[in-house]
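For the sequence shown, the positions run 555 to 908 when our numbering is used.
Beta carbons: idealized from backbone N, C-alpha and C, even for Gly.
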Amino acid sequence: MIALSAVARHEIDDALNVALDRLRIRSAALGEASAALGEATVASATGGKRLRPALVVAAFEAFGGDIGRSPGLWRVAAAFELLHAAFVVHDDLIDGDIERRGIPNVVGRFRERALARGGDAADANLLGAAAAVLAGDLLLFEATRLIATAPVTASQRAALFVLLDDAVLVSAAGELADVEQTIGADLPPTDSLIRTARDKTAFYSFQAPLAAGALLAGASDDERAALESAGSAIGVAFQLADDLIGTFGSRAEAGREPGADLRASKRTPLIAMAAETEYWPRIASALAMAPTGPIAIAHAQRELAASGARERAVEMITDTLRSARGHAADAALPRDAVVLLATLASAVEDRIPR
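Okay, structure coming up:
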């Protein structure tokens with residue numbers, strides 16, 4: 555999604571590796587179980603697209619920052635990747651997932667550990683959940699430590715902690731709303747689900763990393779405000795596209811079984827849009843059967859597409875990105891920042907499954 559120089563990629567990887575190696579070594583010194591937790595935690599933060607640190611660095615450069623003269627940049631960038639990893643670990647636990655990218659996640663690893671030690675299913679569930687909570691906590695603290703120890707000015711550090719504080723609080727509110735919206739027979743309205751998507755994902759994945767990079771480069775308050783508005787809209791569009799991928803995307807696009815969101819009966823804005831159509835009784839019946847297997851998922855996909863909900867979701871993504879481009883046109887933003895935001899908007903459009 556973001557093209558960075560080989561030097562920038564190397565520096566991000568190096569900052570992450572140093573932080574994760576520290577976590578692994580310190581965990582190993584506390585016994586075999588702690589060592590296993592450290593290894594699982596490190597594995598959960600390894601790989602992936604590393605979008606968020608890339609956004610920190612890209613915004614820094616877009617506002618005139620010199621990557622060769624800002625050693626604190628790399629720790630801050632790494633912090634946002636570890637924040638993401640922490641949220642993913644906790645999200646997997648909340649969603650009941652035991653795999654990530656086709657291999658056991660923290661929950662899955664420790665479920666296997668419990669069973670290998672003679673535990674029953676209840677023991678496996680308990681140990682897996684405990685390990686996931688602790689792994690996520692370790693990653694959250696490591697993200698905080700990186701910002702606390704980054705070689706930046708006192709005013710920059712204070713502003714970065716405001717961003718981190720907001721990212722954790724807003725994302726927690728969004729995650730809770732996401733879970734609450736699965737409870738009860740009534741489907742939440744579309745605007746409520748979109749607000750949840752913004753809180754759960756858009757702030758910490760786009761708005762905060764972009765703001766952090768701009769802050770380190772010395773951007774003004776007006777510049778950061780325009781950047782954050784555009785970043786928030788792009789983040790919402792990103793999540794809406796992700797919902798389409800989770801419903802209609804191929805294995806290659808989704809990185810998991812096609813129709814995973816249908817199998818999990820997730821209440822996304824796409825489903826809320828379908829509920830507003832005359833086809834909802836048929837769609838609801840199809841969705842109720844979707845968890846039973848691939849044939850039922852394919853049927854639910856066809857019903858959703860036939861209702862026009864898929865097309866409406868694509869239109870909403872387009873409208874949201876149009877709003878983002880409007881914010882990006884703010885006269886306060888330098889040309890490179892406008893180009894960066896346009897690149898991000900186009901990349902989100904390219905994610906929409908066809």
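Bridge-paired residues (DSSP) for residue 653
The partner list for residue 653 (beta bridge, DSSP) reads 658.
From 734, 556, 848 and 902, residue whose alpha carbon lies closest to that of residue 870:
When each option's Cα is compared against that of residue 870, the closest is 902.
Is it buried or exposed for residue 777, if we count other Cβ within 10 angstroms and need 16 for buried?
Per the 10 Å Cβ criterion, buried.
Cβ shell of residue 878 (< 6 Å), same chain only, five flanking positions each side left out:
The beta carbon of residue 878 is closer than 6 Å to those of 784, 787, 788 and 899 in its chain, skipping five residues each way along the sequence.
For the putative contact between residue 698 and residue 718, defined by C-beta atoms under 8 Å, what is the C-beta separation to the nearest angstrom?
Rounded to whole angstroms, the Cβ separation of residue 698 and residue 718 is 7 Å, and the two are in contact under 8 Å.
Are residue 632 and residue 566 close, meaning C-beta to C-beta below 8 Å?
Yes; because the gap between Cβ atoms is below 8 Å, this pair is in contact.
Does the segment 576-585 touch the segment 723-736, meaning 3 or more C-beta pairs lie closer than 8 Å?
Contact between the segment 723-736 and the segment 576-585 is absent, because fewer than three Cβ pairs lie under 8 Å.
CB contact flag (residue 693, residue 595, <8 Å):
Yes, the pair counts as a contact, with Cβ atoms nearer than the cut-off.
Comparing C-alpha positions only, which one of 667, 616, 665 and 600 sits nearest to residue 638?
Checking every option, the nearest Cα to that of residue 638 belongs to 600.
Short Cβ contact (8 Å threshold) for residue 660 with residue 598:
Taking 8 Å as the Cβ cut-off, residue 660 and residue 598 qualify as a contacting pair.
Name the residue from 673, 701, 723 and 682 whose alpha carbon lies nearest to the alpha carbon of residue 714.
Checking every option, the nearest Cα to that of residue 714 belongs to 701.
Figure out for me which residue from 641, 582, 705 and 755 has the closest Cα to the Cα of residue 623.
From the listed residues 641, 582, 705 and 755, the smallest Cα separation to residue 623 is found for 705.
Is it buried or exposed for residue 510, if we count other Cβ within 10 angstroms and need 16 for buried?
Outside the shown range of the chain (555 to 908) lies residue 510, about which nothing can therefore be said.
Between the C-alpha atoms of residue 755 and residue 707, what's the straight-line distance to the nearest angstrom?
Approximately 28 Å between the Cα atoms of the pair.
Cβ shell of residue 881 (< 7 Å), same chain only, five flanking positions each side left out:
For residue 881, where only same-chain residues beyond five positions count, the Cβ hits under 7 Å are 780, 783, 784 and 787.
If I measure Cβ to Cβ from residue 752 and keep anything under 6 Å in the same chain, skipping five residues before and after, which residues do I get?
So the list reads 790, once near-sequence residues are dropped.
Could you tell me how far apart the beta carbons of residue 842 and residue 813 are, in whole angstroms, since I believe they sit closer than 8 Å?
Cβ atoms of residue 842 and residue 813 stay farther apart than 8 Å, at about 14 Å.
Cβ-Cβ separation, residue 678 to residue 643 (assumed contact under 8 Å), whole Å:
Residue 643 to residue 678, Cβ: 17 Å. No contact.
Buried/exposed call for residue 497, threshold 16 Cβ in 10 Å:
There is simply no residue 497 to check, as the chain begins at 555 and stops at 908 in what is shown.
Looking at the structure shown, is residue 612 part of a helix, part of a strand, or coil, going by DSSP?
Helix at residue 612.
What alpha helix (DSSP H) runs, 4 residues minimum, are completely inside the segment 670-703?
Within the segment 670-703, the complete alpha helix (DSSP H) segments of 4 residues or longer fall at 675-703, listed in chain order.
Chain-order list of residues whose beta-carbon lies under 6 Å from that of residue 662 (same chain, five-residue window excluded)
Cβ neighbours of residue 662 beyond the five flanking positions: 652 and 653.
Is it buried or exposed, residue 817, if we count other Cβ atoms within 10 angstroms and call 16 or more buried?
With 16 or more Cβ atoms within 10 Å of its Cβ, residue 817 is classed as buried.
Do the CB positions of residue 635 and residue 607 come within less than 8 Å of each other?
With contacts defined as CB atoms closer than 8 Å, residue 635 and residue 607 qualify as a contacting pair.
Kindly list the residues whose CB is nearer than 8 Å to the CB of residue 582, restricted to its own chain and excluding five residues on each side of it in sequence; keep chain order.
Excluding sequence neighbours, residue 582 sits near 588, 589 and 592.
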